[in-house]
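A.B. asks: This is the structure I have questions about; it appears just below.
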Amino acid sequence: MPELPEVEVTRRSVVKNITGARIESLRLGKPLRWPLGIDPLELAGQTVLGVRRRGKYLLVDLDDGLLLLHLGMSGSLAFWPTRTNPPPPPGPHDHFDLWTDRGLLRLHDPRRFGAAVWARHEQDPVAEKLLGHLGVEPLGPDFKPDAFHAGLKTRSAPIKQVLLAGELVVGVGNIYASETLFLAGIRPSTRAQKISRPRADRLFAAIIQVLNLAVEQGGSTLRNFSNAQGEAGHFQVHAHVYGRAGEPCRVCATPIRWLLQGQRSSYFCPKCQKP
DNA sequence: CTATGGACCTGAATGC
DNA sequence: TGCATTCAGGTCCATA
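In the working numbering, the protein residues as written are 132 to 406.
Given below as structure tokens:
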């Protein structure tokens, strides 16, 4: 479910509830992708200073250290203010329940590809391992067309896989990779280094446009997504190509094609998108 | 260093 | 209806 827009929407709905909250206890369910790295008892008494996002990671800043949360493929966060809306008991897929004096922050993740990891600082080796190699934030001030094009020039892999790798720019997942490449008129199989400056600029603009729109619309990754209040995304962004193999292109009516790249599905219009 | 495939895990959808 | 197979929004890691 979660690509950058969903994670950002989650962050926004969580941050206002939990900033300033005092941690009372932590209940863990089944193991997530990595061990937490701290005794849950040591978190009690700490205050949540804020929630930031880096790529698809959420960084929950505490008095002493931070929690790195990742939603993996199937994760979602929910917050229950204790008074107004008491939380149900944990279900079989609720693997991380952070109780605070303002309510419960719960990570629900059926597939358990997600993570909750504690790090002393952002420079802690544990955090560095997860965040250190990440590329620039596409919605931040450091995402610039010059550097983006220069980065593409250094990669011989297909552009779709360069986007997914997140080393040049973070946050573009499997759905939005296909969608941004459609808007830019570039086939997923095109080698990154072969993309001309004008086409790199189109892709650059498409990434910002698509991700921004999706954030504005409440994290509309085309399927079931709800924010931490349980409000559904708006689903107004309908896919141009993703998941539409065989169906007519919305622009030119040519059948959309499917392609497997690095074990992931890609979709493109053979007429609108050039090699 | 890059490129590739495998691994992690569960549930929903599809096919016989 | 039942059971097997396929696929799913991520990303780290071992291997070549």
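Yeah, the Cβ is synthetic: ideal placement off N, Cα and C, and Gly gets one too. Treat the numbers as computed from the prediction; the structure is a model and nothing was measured.
Determine, using beta-carbon pairs with one atom in the region 234 to 251 and one in the region 190 to 201, whether at least three such pairs fall under 8 angstroms.
C.D. replies: Flag = yes, the region 234 to 251 and the region 190 to 201 touch.
A.B. asks: Val145 and Val182: beta carbons closer than 7 angstroms?
C.D. replies: The residue you call residue 145 lines up with position 14 of the first sequence. The residue you call residue 182 lines up with position 51 of the first sequence. It is a contact, given that the beta carbons lie within the stated cut-off.
A.B. asks: Going by C-alpha distance, which of Leu159, Phe335, Ala281 is nearest Gly271?
C.D. replies: Stepping through the first sequence from its first residue, residue 271 is reached at position 140. If we check each option's Cα against that of Gly271, Phe335 comes out closest.
A.B. asks: For Thr285, name the three-state secondary structure that DSSP assigns.
C.D. replies: Sequence index remark: in the first sequence, residue 285 carries index 154 (1-based). Looking at Thr285 - three-state DSSP - the assignment turns out to be coil, as it is neither helix nor strand.
A.B. asks: Using 8 angstroms for Cβ pairs, my map puts Phe313 next to Cys403. What's the rounded Cβ distance?
C.D. replies: Along the first sequence, read from residue 1 onward, the residue named residue 313 stands at position 182. Along the first sequence, read from residue 1 onward, the residue named residue 403 stands at position 272. Correct: roughly 7 angstroms between the Cβ atoms.
A.B. asks: Buried or exposed: which applies to Pro136, given that a residue is buried once 16 or more other Cβ atoms fall within 10 Å of its Cβ?
C.D. replies: For the purposes of this step, residue 136 is identified with residue 5 of the first sequence, where counting begins at 1. Buried is the call here.
A.B. asks: Where does Tyr188 sit, in a helix, a strand or coil, going by DSSP?
C.D. replies: For the purposes of this step, residue 188 is taken as the residue at position 57 of the first sequence. In this structure, Tyr188 counts as strand in the three-state DSSP scheme.
A.B. asks: Could you give the first and the last residue of the continuous alpha helix (DSSP H) run that contains Phe335?
C.D. replies: Here residue 335 corresponds to residue number 204 of the first sequence, with the count starting at 1. Note, Phe335: alpha helix (DSSP H), 328 to 347.
A.B. asks: Between His365 and Arg142, what straight-line distance do the alpha-carbon atoms span, to the nearest angstrom?
C.D. replies: For the purposes of this step, residue 365 is taken as residue 234 along the first sequence, with counting starting at 1. For the purposes of this step, residue 142 is taken as residue 11 along the first sequence, with counting starting at 1. Only weak support is given to the placement of His365: the predicted model assigns it a pLDDT of 45, under 50, and the value that follows is read from those uncertain coordinates. Near 17 angstroms, if we compare the C-alpha coordinates of Arg142 and His365.
A.B. asks: For the region 204 to 258, list the beta strand (DSSP E) runs that are entirely contained and at least 3 residues long, ordered along the chain.
C.D. replies: Runs found: 207 to 212, 225 to 231, 234 to 239, 246 to 250.
A.B. asks: How would you write the range of the beta strand (DSSP E) that Gln392 sits in, first residue to last?
C.D. replies: Residue numbering aside, residue 392 sits at position 261 when the first sequence is read from its first letter. Element bounds for Gln392: 388 to 392.
A.B. asks: Just to confirm my understanding: we take Ala337, look at its own chain, exclude 5 residues before and 5 after, and list those with CB closer than 7 angstroms. What are they?
C.D. replies: Against the first sequence, residue 337 aligns to sequence position 206. The residues are Thr311, Leu314, Ala315.
A.B. asks: In the DSSP output, what is Tyr398 paired with across the bridge?
C.D. replies: Start at 1 with the first residue of the first sequence, and residue 398 comes out as number 267. Trp389.
A.B. asks: Using the C-alpha atoms, what's the distance from Val346 back to Asp332?
C.D. replies: Counting from 1 along the first sequence, the entry for residue 332 is found at position 201. Counting from 1 along the first sequence, the entry for residue 346 is found at position 215. Their backbone Cα atoms lie some 21 angstroms apart in a straight line.
A.B. asks: Using the beta-carbon count (16 or more within 10 Å), is Gly222 buried or exposed?
C.D. replies: Working through the first sequence from its first residue, we reach residue 222 at position 91. Exposed: under 16 other Cβ atoms inside 10 Å.
A.B. asks: For Ile317, does the three-state DSSP call read helix, strand or coil?
C.D. replies: Counting from one through the first sequence, the residue named residue 317 turns up at place 186. Ile317: strand per DSSP, three-state reduction.
A.B. asks: Using the Cβ count rule (16 or more neighbours within 10 Å means buried), how would you classify Ser156?
C.D. replies: In the first sequence, counting from the first residue as 1, residue 156 sits at position 25. That one is exposed.
A.B. asks: Would you mind working out which of Thr213, Asn216, Ser207 sits nearest His226, comparing C-alpha positions?
C.D. replies: By one-based count along the first sequence, residue 226 stands at place 95. The shortest Cα separation from His226 among Thr213, Asn216, Ser207 belongs to Ser207.
A.B. asks: Taking the alpha carbon of Glu298 as the reference point, which residue from Gly349, Thr385, Gln177, Leu261 has its own alpha carbon closest?
C.D. replies: Position 167 of the first sequence, counting from 1, holds the residue named residue 298. Comparing Cα positions, the closest option is Leu261.
A.B. asks: If you check the beta carbons only, do Arg237 and Asp228 fall under 7 angstroms apart?
C.D. replies: Taking the first residue of the first sequence as 1, we reach residue 237 at position 106. Taking the first residue of the first sequence as 1, we reach residue 228 at position 97. Yes.
A.B. asks: Count the other C-beta atoms from every protein chain shown that fall within 10 angstroms of the C-beta of Lys291, then say buried if there are 16 or more, exposed otherwise.
C.D. replies: Residue 291 sits at position 160 when you count from the first residue of the first sequence. Counting Cβ neighbours within 10 Å, Lys291 comes out buried, since at least 16 surround it.
A.B. asks: If you drop the 5 nearest sequence neighbours on each side, which residues of the same chain put their C-beta closer than 6 angstroms to that of Ser397?
C.D. replies: The sequence position of residue 397 within the first sequence is 266, counting from 1. Excluding residues within five positions, the ones whose Cβ falls inside 6 angstroms are Lys291, Ser309, Pro319, Leu390.
A.B. asks: Specify, as a first and last residue, the run of the beta strand (DSSP E) that Leu199 falls within.
C.D. replies: Sequence index remark: in the first sequence, residue 199 carries index 68 (1-based). Start and end: 197 to 201.
A.B. asks: So Ile154 is in the beta strand (DSSP E); what residue range does that whole segment cover?
C.D. replies: Reading the first sequence from its first residue, position 23 is the one you call residue 154. Per DSSP, Ile154 belongs to the beta strand (DSSP E) from 154 to 159.
A.B. asks: Does DSSP put Pro269 in a helix, in a strand, or in coil?
C.D. replies: By 1-based counting over the first sequence, the position of residue 269 is 138. Of the three classes helix, strand and coil, the one that applies to Pro269 here is coil, per DSSP.
A.B. asks: Taking DSSP as the reference, what is the three-state secondary structure of Val293?
C.D. replies: Here residue 293 is taken as the residue at index 162 of the first sequence, counted from 1. Here Val293 sits in helix by DSSP.
A.B. asks: State the DSSP-derived secondary structure class of Leu180, mapped to helix, strand or coil.
C.D. replies: What you label residue 180 is simply residue 49 of the first sequence in a count that begins at 1. The answer is strand: DSSP assigns Leu180 an E or B state.
A.B. asks: So what does DSSP say about Val140, is it helix, strand or coil?
C.D. replies: One-based indexing of the first sequence puts residue 140 at position 9. Correct three-state label for Val140: helix.
A.B. asks: Who are the near neighbours of Arg330 in its chain, counting only those whose CB is closer than 8 angstroms to its CB and skipping five residues on each side?
C.D. replies: By one-based count along the first sequence, residue 330 stands at place 199. The answer, listed in chain order, is Ala315, Gly316, Ile317.
A.B. asks: Should His369 go down as buried or exposed, given a rule of 16 or more other Cβ atoms within 10 Å for buried?
C.D. replies: Translated into positions along the first sequence, residue 369 becomes position 238. His369 is exposed by the Cβ-count criterion.
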